Structure formats: C-alpha cells, structure tokens
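Asks: Chains A and B, in that order, are what the protein sequence lines are.
Per my numbering, the first sequence starts with residue 257, numbered consecutively.
Per my numbering, the second sequence starts with residue 257, numbered consecutively.
For glycine and all other residues, C-beta sits at the position ideal for the given N, C-alpha and C.
All values reported here derive from a predicted model rather than from experimental measurement.
This is the structure I want to talk about, given as structure tokens.
There are 2 protein chains.
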Amino acid sequence: MTSTLSTPSLWAIPLGGLGEFGMNMLVLRTGDDIIVIDAGLMFPEQELLGVDIVIPDITYLKQNKRMVRAIVLTHGHEDHIGAIPYILRDLNVPIYGTQFTLALVRKKLEEHGLLDTAKLIEVAAGQKSTIGPFQIEYLHVTHSTIDCVALAVRTPAGVIIHTGDFKIDPTPVDGKPFDLHAFARYGQEGVLALFSDSTNVERPGFTPSERSVVVRLEELFRAAPQKVVVSCFSSSVHRIQQVIDIAGAVGRKIGFVGRSMVDNTEIAHGLGKLHIPDGSVVRPQDIRTYDPKRLVVLASGTQAEPMSALSRIAVDNHRLMSIGENDTVILSARIIPGNEKNIFRMIDHFFRRRVLVYYESGRSAPIHVSGHASQEEQKILLQLVRPKYFVPLHGEYRHLFRHAALAEQVGAVSGQIFLIESGQPIEFTGDGGAYRREPVTAGRVMVDSGSLEEIEDVVIRDRRHLSEDGVVVPIIAIDKHTGRMEISPEIVTRGFLPSEDGQEILARAREVILKTVENSTAEEKTDWNVIKEKIRADLKRYLNKQTSKRPLILPVILEV
Amino acid sequence: MTSTLSTPSLWAIPLGGLGEFGMNMLVLRTGDDIIVIDAGLMFPEQELLGVDIVIPDITYLKQNKRMVRAIVLTHGHEDHIGAIPYILRDLNVPIYGTQFTLALVRKKLEEHGLLDTAKLIEVAAGQKSTIGPFQIEYLHVTHSTIDCVALAVRTPAGVIIHTGDFKIDPTPVDGKPFDLHAFARYGQEGVLALFSDSTNVERPGFTPSERSVVVRLEELFRAAPQKVVVSCFSSSVHRIQQVIDIAGAVGRKIGFVGRSMVDNTEIAHGLGKLHIPDGSVVRPQDIRTYDPKRLVVLASGTQAEPMSALSRIAVDNHRLMSIGENDTVILSARIIPGNEKNIFRMIDHFFRRRVLVYYESGRSAPIHVSGHASQEEQKILLQLVRPKYFVPLHGEYRHLFRHAALAEQVGAVSGQIFLIESGQPIEFTGDGGAYRREPVTAGRVMVDSGSLEEIEDVVIRDRRHLSEDGVVVPIIAIDKHTGRMEISPEIVTRGFLPSEDGQEILARAREVILKTVENSTAEEKTDWNVIKEKIRADLKRYLNKQTSKRPLILPVILEV
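In structure tokens:
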C-alpha cells in the first residue's frame, strides 16, 4: 500500500476461483477499505478423504479484519455463497445481495444458527450501494438461476466490472434479458478493468437460451406413457418454471420431492419468483396414489448424491413414490466431471427397472443447457465493455489462459491482460497503471461439515495412508520399575492383511519387535520415543518385505 | 447340464464385462468341455481404496477345472488379457491368440515369472483351431490396436459369433479392412447367436476411420515452432504408425519416451507390425539435445497416471527431455471418465509453461478417434450376421440395454434378444431353443498388484472407514491374576482429530473407558470380547456425540 500519488491505488486480490472451479472470492481494497465479492465453497475431490467442503483461506482478510466493510454477492450458487457461514464467524460484516440470493443465504445462516447476528442488505439490479469509497451498481445478467447480477464498482482508481456468472440469454424464461445497455453505458464511460467468467471458454459459438429445452421436454412429456420425473438443480428456478409450465400445457400436475427441491421452490415461490398456478400441485403424501398419466415429479439429486431423492428413486426406495416400467425419468442437468461413475450407476438402475430414462447425450435437442457464456458471448461482452485491463476469472488455469487468448484475439482490451491465479494481487495505481504484486496467503481450507472444524493436512495425509494399506498398531507393555517387557507384544491391525497368511506374518512381526527391544541399549530403553521409532522402522522394513505394503504403523508403549 | 436331446446344449456364461466396462470374460461350455474367451482386468474405481486391479471371479471355472480346455483371446488390450497372470495360477491351459496379442501376453507372463510354464498357441485371422468339440475361425476386425479378431465358434448346437472389440474401418492404417465377407459368409450359413461390442451404442452414425486423424496431426506438426510431443495409448499401434509417418513427411525424427511406449513399439516393430524407417529414430539419450524443430516425441501417459512419462514431462521433471514455451503437446487419446481431474491438472501444467497443448475438444478435426463401432456399424454387423439370438456384451447396463433396443429396431434377429449381465448363463439347447438359466458365481476380485493377493471386501470396508474418520485404538491393561485394570487406559488415534481440542476429548474418552470397565460385572470382566464390545459401543457413542465422527474403534486388552 505504498502509492505516493494523490489518487489511491485499487488492489484486486483473488482469494479463490482463479485456477480452480469453486470457492469464488475476489477482494477489492483501496486505502484502508476492503470489500469482498462472493464467498463460495468448493466440493472436494475424492482424494481429500473425509472432507465435506473446501473454502478459501481468508488469512489475508483476518489480518486486515478492521478494514473489511462488506461481502457483496453476485448470485446464490454454492460456489459463490457457500463459505459464508464459515467466514462469518471471523468477519461479521454486512452482506449485500439480491432478494433470492439473500433468501438462500438466510436459510443457510439459519441452519448454522448465525442468522440473528448477521446483517443482510437487500439490493436489486439497477440499484446502487455506497460502501466506504466503493460505489457499486448492480447490473442484471442472465444465468441458470435467478436474480443474478454483475457488479460495476466505482473506485477512486476507476471502474471495475465483475461479471459474476453469466450467459447472454436474449429470451430468458423470466423475460428479463441480459442488460446489454448497462454494460454498454460503462463501456462508453470507460472501464478500468473487467473481471469475467471463463467457464465455457472452450465452447465455440453461443450457449443456447434457457428456453431452448422446451421443445424436447414437451415432446418427452407428451410421449410419456406414465409418470414423468424431472431432476434438475434445485437452484435452477428457470428450469423448474419451465417444467411447471409444460406440465400445465400437457395436462399434468406437479409434485416436488427432495429437501433442497422443496426448500428452494418454496423460497422462490414465496418471493414471487416462481409462478405455480393454483391447484397444479400434488401434495407429497398424494404423489404415490396420483394418476401417473397426469403427474410430473420434480426431484433433486442430479449428481446422484448418495442420500438424494433421485438416488433413492432409482433403487425404488423413496418413501413418497415408486418407479417402474414405462415411467419416464429426465435428467435435466450437467453431468459434473468426477460424478460420471455415480450418475451412470444411477441411470443403470433406471434402465434395469425398464424406466424410460433421458440424459444429456449431446446429440438430440437439448434437455439441459449451460448457464455460462460461450466464446461468442464472451467476445460480445469484451466489445461492449472494452476495458483498459482484463482479468479472466472463474476457471481452471487452461480456461483463464484461453480466455486471455480470446481477449487478445478480440482486441478490445487497450491495456494489459492479466493471467493470474488465486492469491496473486494486481495493483491498479491512481495514474492508470496496473502491476502484479507479491502473492498473499491463499489456498484451500478443508472443512468437515459435521464438526465445522478445519481439517489439517496431516490428518488428510494419515487418512490417505490408512486408506491405502491400513493400520498396524504394535503394543508393548514395559514395567515402569524394571524397564523390562512384561508380556509378549500385541499387534492390532485393520485394513491391512487378509486373515489367513496374516496370522503367520503377524506372529513373526511380534518376534521382530522382541528383537528390536532386546537389541536396544539400556539408555534407548528409557527413551520411549526412541524405542517407538526403532520399532516403527524395523516393522516397516519387515512388513514391506513380506507384503509389499506400507501400512501406517503406530507403536504404543504401555507402562505397567 | 440336463439336456435329454441327442445334440448337446451350448452354455454361454459371461463371467465379466456385461454390465460393467472391463474384465471381459465369456465362457462357452458344451458337455464337459469349456473354452474361455478373453480374460481381462478392470481398473478399480477410486472408492476401492488401495486396490490396484480388479479381475473376474473364476469360481465357476475352478469348480469345473478339469473341463477347461483353453483361453482364446480376441486382442491384446488389458481389459481382455490383463487377468491372465492371475488366473493362470489356477488354470494353466493353452492360450490361443494372434501374434501381437501373444507378444503382449508373453511380456506380461515374463514379468510374473509364469512364461516357462505357459502354453501359447499362435493363430492368425483366416485360420481355424479345433479345441475339443469347438471349431474356431478367427475373423479379422479393425480396432484401435492391431491383430484383432472376432471368433466364429462352431459348436454342436450351432455357430456362435463373438465380435471382440471392433469398429468397421474401411481405410485402416495397416490396409487390412474389417473382414465383411467372413461375417457375410456366416450370415449366409446361419448363426445361432451373436455376441457383440456395445461400447459406443450411445453414438449415432459411424466412428471415423483411424486415418481421419492424419489431417489435423499433420497440420499441428507443420505449425509447431519447436518440438512436438504426442501421447497416445502404447497399444495404439495404428496411431503410433501415423505419428511416425507424418513425422517423416514433415522432416522430423522420432523419439520414444515411457516404459510402455518403448516396450510396445519394440514388440510391434520386432514383429514387423510397425514400420520405422532406418535413421528416423532419435536415441533416448539424444532427445534432450536434438534440434527441437526436427523432433517428435511419442510418450506414454495419456491418462495422467502419476508416474507416467507425460505426467513427468508436464512438470518438466523427465530425465530425458525438457518442456517449455512454444513446444507442442498433443493428447491423442480418449479422456477416460474418472480421469478428468488428473488429466486436466496435467494439461494446466502445460499451459502454465506456455506449451501449445491440444486435447480432444470435440469441435475441430479429430486428433483422436474411438476404436469401437457406433450405431450404424452395429446395425451393419447385425444385418450381415442376422443371427437367431443376440446378446449385447462389453458395456454397462445402459449400453447393453440400448444395444438390445437397437437390434430390436434393426429387426435382423429372428429369435430372442438376451439382455444379461455377468454371471447369468444362457443355455442354447440342441433343438434351437435358448433359455436363461440360474446365475453362477460371478463378481469382482480385487487384487493388490504388489502382493498379488486378493483383497477381501471386509478389508476394503475397513479402509474406507479408516479413510473417512480415522482410527481410535483404546488400550487397557488388565492384571491376569486379579482382573483389575493395572494402569489408566491409553488411547492412540490417527486421521481422527486435530491436535488441540483432541486432547481434551481424548482425556474424557479415557474416563468413559474407565467407567465402562468399572460398571461391568465380574463375569463380563473375564470375557474380553464382551469388554471390548462394551468399550467400542460406549466410545463410539461418546465420540460421535462430541465430534459427529465415527472413527474405526479397535479396543485392545493387554493381559499383564
């Protein structure tokens, strides 16, 4: 913070979401004032054993706690709001967001018992907020959920535009198109830097409108001989609205199954964001007996999450409904990479039950479309905003790289294009310059959602070790007076050896321990840590030789 | 085996590959004679912790050991030959295969020290073998590797055709097209049952010829400012030949990197199946210093396997070569579902180094094509063979289902279409009938390749448990004379709690144990298993309440 100019610098510090999908968080700082744009989570990769969610490391914010003025949200997806309950404990600052976004945040805070102390400030597209030296205008953008905004942040150093997640949908379901004019206005005025969504930069052309799924869905609804189950993300309010509308058009009523589906539709309906005609809903307890030819069920669980509604339905084990021959199941969602195995296992269950199951195949008319801009939309945005500087965000490294290359090709950026990752700040100086600065602390914090505790790396490493070759616990009892071993060593193992050969190997392992202790000097014997380490080393060598495995070895010495 | 007719039945018993990808194995039995078609492995899903490979359960074959006459191989991919070293210990029968297939098997058996005792019988497309009551003709098919055959098996009950893996490539790299005439001939004669590859049944149209990658590869080779690295499966001999040919055409020499790439090209070259012009190869030790503008490197590791050549190159940590700005890397292989995360992480490393990296995007001219037939090829095969019965194989359930539906639509099957999974036999009776029969033992055997041992389910379950919440080992020492606890209980944990709060919780856990032992009756105290179980239950309840976790609890009682 050492600008000597009269106009203060603006620092943009990404703490998550650049170089990775998920846990989006961008910090803007000018002088002693900070705002945080989005606070998302990331779902862990399988190799992070026992980790439920991952959130950004907010060390930088904790270090500058008294400067943080607000968290400003672009929309209500988990990768933008999911970390709020975890960081609010450290930083209880006001949260700005649109009506639907805050409704989702409210529900989340309620579950964590944090609602009473939180300060939520509702805003709407077209409105402005002043937060310290930042003036924020909310610009309406289209995406797969509703009430999404981009942010135009006026700072002493210039205007920053953060797109949030967007696509340019000219025919959105709610009739509120992407606000091209607002972006054009800022483009006219002059934008210092554009931060933009890179998700779909690998896709040429335009992302189809949300509305484009109507044709195929209606066709499938009409062709369905029995009941129809549609599964989509419970935050996809547009999709849910379309399913309700099409159901009405073909003379079917609608049931809702799955906690998040029920919760989110209630929230959206309560806010008037979802239109559900009177008399069109089948109550949960009536779904089972309702005429299947007149029924559409909306169910959560598109990613085959183990306890989700759709996973249970797939094995015909849902308390509210059954599934079987000639029922129709439509998976109207993206198959998220990493979930393929589980999703296709679920789909196979439907096939085994002779259910007519439809999923994204990429060949016929779509039953799902993406909520993110493809290349042509990204180009249009760049042309509209024509910023001085450009920073791709929201993507893995290759997406950021290709988005930077796309911007280069478009030629609408007059200054530099910055390819940065989480933790790498840029300083926009008051005189119009922009420079990379020394990295700040950034990274992933793993959270066990049961205990809300952060999990240390060493614990994860142990779990991985345990998961590969199991655990071996050698136990020896030493007389605290004589220092002699009182009894033959015990060995307890789990996840290590099958029972048969195991016995012989373990018997000999006990001899290894005996020998290790015998061969130790009197001095070593008084230092348990030395003895433990010797036992560990000798056993490790022996077991690895015998079994080619490297179990976690945990020697225990009991003083009796 | 209770046919009362004069013509004996033929039993077809799939032991793997139907309802799952991998570990392909089909058993044919007539009277007391059995042949086994293929013996493949499956790479485990991540949730099978510490499992290296998965092979079919061959209990049925062991039970009928004296009847097994031979293993007959269709081609040399791991999912067709990978289980051989493991089952040969139980069933050392002759193995029939083509030259290249057997060369790969030989290498494998050598590594396992089984080559001396194995009986390998080389066959070629167009030839016939008689094995007991089975007469087998080998029919040339095209696929992503070379020397692939389908099998026409003449049995007392009729002719069975097993396609192996195939696509119908009219312009294969080696100039040997799919042998349509052989299939036509059998179709003319009459085929009892067709067993056919379902892999790509979700793809409409035709799979492009292997040759169709030439255009784009040549374009990329010519445009490359520095060296080119191409990674493909080391068994993809066609692809390797094309890379060698194109390299020659654009004036580049070729280097080979990675053990499997070096091994397989040596094998193929030694058999005359791979044409490498004299003087076109750069020796490994010269790769680093060779003019990068005149160099193409073929590297294994398309799936970003942790120790593979390409993974090492991606982090510029390969002893034979460096990588950097303006080098070109081409990933000429399928991204196998489940491997996306690792592969894209590797690709990101290349992007970070400013390498020009090309991977399957599905939009531009292909740099990779599939080796399996799409719908139109599958239809042609059905029309050519027009069997009485049809059994889809080689796919997950939905593939088999859709292949069955496709066959129904084509209408070339005069009798029944059987949708069966591994372990579900069909009996083809001598009078032309075909019936589902009682399931036989079938399933997945998990093998730890280090120890060659089978891993029991319970071990996997423990490992999963360990990997999620860690392990807690409570240890108490009881005086074997008095039955009293000699010292305060010890508790050892790993992968369970972070250190700080942990201490307090564990201190109280020790009190829980003390109380459990104190509250036990004298009778219970003499039965250690009862005491252990009580400790386990009480600790589990306490720890779950305190931490919301369910670690594996392993009580140990030491008699001192």
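Could you list which residues in chain A have their beta carbon closer than 7 Å to that of D583(B), in chain order?
Replies: By 1-based counting over the second sequence, the position of residue 583(B) is 327. The premise fails here: D583(B) is roughly 15 Å from chain A at the closest Cβ pair, so nothing lies under 7 Å.
Asks: Under 9 Å between C-beta atoms, does D604(A) make it to chain B?
Replies: Walking along the first sequence from the start, residue 604(A) turns up at place 348. At least one chain B Cβ lies under 9 Å of D604(A).
Asks: Tell me whether L708(A) is buried or exposed, calling it buried when 16 or more other Cβ atoms sit within 10 Å of its Cβ.
Replies: Reading the first sequence from its first residue, position 452 is the one you call residue 708(A). A caution first: L708(A) carries a pLDDT of 49, below 50, which makes its placement in the model unreliable, though a value can still be read off. When all chains shown are included, L708(A) counts as exposed.
Asks: Pull the bridge partners of Q393(A) from the DSSP assignment, please.
Replies: Within the first sequence, numbered from 1, the residue matching residue 393(A) stands at position 137. Looking at the sequence provided, one finds Glu at residue 393(A) rather than Gln. According to DSSP, E393(A) bridges with K384(A), A408(A).
Asks: DSSP state of L814(A), grouped into three classes?
Replies: To locate residue 814(A), count along the first sequence from 1; it is residue 558. It is a strand residue.
Asks: Can A326(A) and I269(A) be called in contact, C-beta distance under 9 Å?
Replies: Position 70 of the first sequence, counted from the start, is the residue given in the question as residue 326(A). Position 13 of the first sequence, counted from the start, is the residue given in the question as residue 269(A). Result no, Cβ atoms of A326(A) and I269(A) do not sit closer than 9 Å.
Asks: Restricting to runs no shorter than 3 residues, where is the beta strand (DSSP E) found entirely within the segment 518-575 of chain B?
Replies: List check, beta strand (DSSP E) in window: 551-555.
Asks: For V727(A), which option in Y653(A), P412(A), V812(A) has the closest C-alpha, if you only look at C-alpha atoms?
Replies: The count along the first sequence starts at 1 and reaches residue 727(A) at position 471. Measuring from the Cα of V727(A), the nearest candidate turns out to be V812(A).
Asks: Please report whether the beta-carbon of Y798(A) lies at a distance below 9 Å from any beta-carbon of chain B.
Replies: Numbered from its first residue, the first sequence carries residue 798(A) at position 542. Not closer than 9 Å to any Cβ of chain B, the Cβ of Y798(A) fails to qualify, so no.
Asks: Considering only C-alpha positions, which residue in the set A408(B), F489(B), I599(B), V499(B) is nearest to R472(B)?
Replies: In the second sequence, counting from the first residue as 1, residue 472(B) sits at position 216. Closest option to R472(B), Cα to Cα, is V499(B).
Asks: Helix, strand or coil for M279(B)? Go by DSSP, reduced to three states.
Replies: Here the question's residue 279(B) lines up with position 23 in the second sequence. Of the three classes helix, strand and coil, the one that applies to M279(B) here is coil, per DSSP.
Asks: Give a yes or no on whether the minimum CB-CB distance between A406(A) and chain B is below 9 Å.
Replies: Residue mapping note: residue 406(A) aligns to position 150 of the first sequence, counting from 1. So, not an interface residue.
Asks: With a floor of 3 residues, list each beta strand (DSSP E) that falls wholly inside the segment 593-651 of chain A, ordered by position along the chain.
Replies: Runs of the beta strand (DSSP E) inside the segment 593-651 of chain A: 612-614, 645-649.
Asks: With a cut-off of 8 Å on the beta carbons, I'd call P350(B) and L365(B) a contact; round off their distance for me.
Replies: By 1-based counting over the second sequence, the position of residue 350(B) is 94. By 1-based counting over the second sequence, the position of residue 365(B) is 109. No, P350(B) and L365(B) are not in contact; Cβ-Cβ is about 13 Å, not under 8 Å.
Asks: Taking the C-alpha atoms as reference points, what is the distance between P593(B) and D583(A)?
Replies: The residue you call residue 593(B) lines up with position 337 of the second sequence. The residue you call residue 583(A) lines up with position 327 of the first sequence. Each residue's Cα considered, the two are about 28 Å apart.
Asks: How about I416(B) and T398(B): do their beta carbons lie closer than 9 Å?
Replies: One-based indexing of the second sequence puts residue 416(B) at position 160. One-based indexing of the second sequence puts residue 398(B) at position 142. No, the pair does not count as a contact, with Cβ atoms beyond the cut-off.
Asks: Please name the residue in H605(B), I787(B), D604(B), V729(B) whose C-alpha comes closest to that of E746(B).
Replies: Locating residue 746(B) in the second sequence gives position 490, where the first residue counts as 1. Nearest option by C-alpha distance: V729(B).
Asks: Between which residues of its own chain and S492(B) is the CB-CB distance below 7 Å, once the five residues before and five after are set aside?
Replies: For the purposes of this step, residue 492(B) is taken as the residue at position 236 of the second sequence. S400, T401, listed in sequence order.
Asks: Could you tell me which chain A residues have their CB closer than 7 Å to the CB of H632(B), listed as they occur along the chain?
Replies: The sequence position of residue 632(B) within the second sequence is 376, counting from 1. Going by the sequence as given, residue 632(B) is Glu instead of His. Within chain A, no residue comes near E632(B); the closest Cβ sits about 13 Å away, beyond 7 Å.
Asks: Hey, L649(B) and L274(B): beta-carbon distance below 9 Å or not?
Replies: Numbered from 1 along the second sequence, position 393 holds the residue referred to as residue 649(B). Numbered from 1 along the second sequence, position 18 holds the residue referred to as residue 274(B). Yes, these two residues count as a Cβ contact at 9 Å.
Asks: With a cut-off of 8 Å, do at least 3 Cβ pairs link the segment 378-393 of chain B to the segment 281-291 of chain B?
Replies: Output reads yes: the segment 281-291 of chain B touches the segment 378-393 of chain B.
Asks: Is the CB-CB distance between A413(B) and Y442(B) below 9 Å?
Replies: Here residue 413(B) is taken as the residue at index 157 of the second sequence, counted from 1. Here residue 442(B) is taken as the residue at index 186 of the second sequence, counted from 1. No.
Asks: So, S516(B) versus S487(B), is the Cβ gap smaller than 9 Å?
Replies: Counting from 1 along the second sequence, the entry for residue 516(B) is found at position 260. Counting from 1 along the second sequence, the entry for residue 487(B) is found at position 231. Not closer than 9 Å, so no.
Asks: Run down chain A in chain order and give the residues with a C-beta less than 8 Å from the C-beta of P695(B).
Replies: For this step, residue 695(B) is matched to residue 439 along the second sequence. Chain A residues near P695(B): none, gap ~15 Å exceeds 8 Å.
Asks: Using a 10 Å radius around the Cβ and a threshold of 16 neighbouring Cβ atoms, would you call N280(A) buried or exposed?
Replies: Along the first sequence, read from residue 1 onward, the residue named residue 280(A) stands at position 24. By the neighbour-count rule (16 or more Cβ atoms within 10 Å), N280(A) is buried.
Asks: Express the C-alpha separation of T357(A) and I586(B) in angstroms, rounding to a whole number.
Replies: On the second sequence, residue 586(B) is found 330 positions in, with the first residue counted as 1. On the first sequence, residue 357(A) is found 101 positions in, with the first residue counted as 1. For I586(B) and T357(A), the distance between alpha carbons rounds to 43 Å.
Asks: Can you name the start and end residues of the beta strand (DSSP E) that I416(B) belongs to?
Replies: What you label residue 416(B) is simply residue 160 of the second sequence in a count that begins at 1. 414-418 is the extent of the beta strand (DSSP E) around I416(B).
Asks: If contact is defined by three or more beta carbon pairs under 8 Å, each pair taking one atom from either stretch, is the segment 550-565 of chain B in contact with the segment 590-604 of chain B?
Replies: The segment 590-604 of chain B, when compared against the segment 550-565 of chain B, does touch it at the 8 Å Cβ threshold.
Asks: Taking the continuous beta strand (DSSP E) assigned at D312(A), which residues delimit it?
Replies: Reading the first sequence from its first residue, position 56 is the one you call residue 312(A). First, the residue type needs correcting, since residue 312(A) is Pro and not Asp in the sequence shown. That run of the beta strand (DSSP E) goes 309-312.
Asks: Using a C-beta cutoff of 9 Å, does G446(A) count as contacting chain B?
Replies: Position 190 of the first sequence, counting from 1, holds the residue named residue 446(A). It does not: the Cβ of G446(A) has no partner Cβ on chain B nearer than 9 Å.
Asks: Check the Cβ-Cβ distances between I743(A) and every residue of chain B, and say whether any is below 9 Å.
Replies: Along the first sequence, one-based indexing puts residue 743(A) at 487. With 9 Å as the cut-off, I743(A) counts as an interface residue toward chain B.
Asks: From the beta carbon of E746(B), is the nearest beta carbon of chain A less than 9 Å away?
Replies: The residue you call residue 746(B) lines up with position 490 of the second sequence. Yes, contact with chain A.
Asks: I'd like to know if P270(B) contacts chain A, where contact means its C-beta is closer than 9 Å to some C-beta of that chain.
Replies: If you number the second sequence from 1, residue 270(B) lands on position 14. It does not; no Cβ of chain A falls within 9 Å.
Asks: Given this structure, state the Cα-to-Cα distance separating G706(A) from R806(B), to the nearest angstrom.
Replies: Working through the first sequence from its first residue, we reach residue 706(A) at position 450. Working through the second sequence from its first residue, we reach residue 806(B) at position 550. Residue confidence is low: G706(A) scores 49 on pLDDT, short of 50, so the model does not pin down where it sits. No coordinate-derived value is stated.
Asks: Please list the segments of the beta strand (DSSP E) lying wholly inside the segment 481-508 of chain A, counting only runs of 3 or more residues, in order along the chain.
Replies: Whole beta strand (DSSP E) segments, 3+ residues: 484-487.
Asks: For a contact defined as C-beta to C-beta under 9 Å, what are the partners of Y691(A) on chain B?
Replies: Stepping through the first sequence from its first residue, residue 691(A) is reached at position 435. Those within 9 Å of Y691(A) in chain B number zero; the least Cβ separation is about 20 Å.
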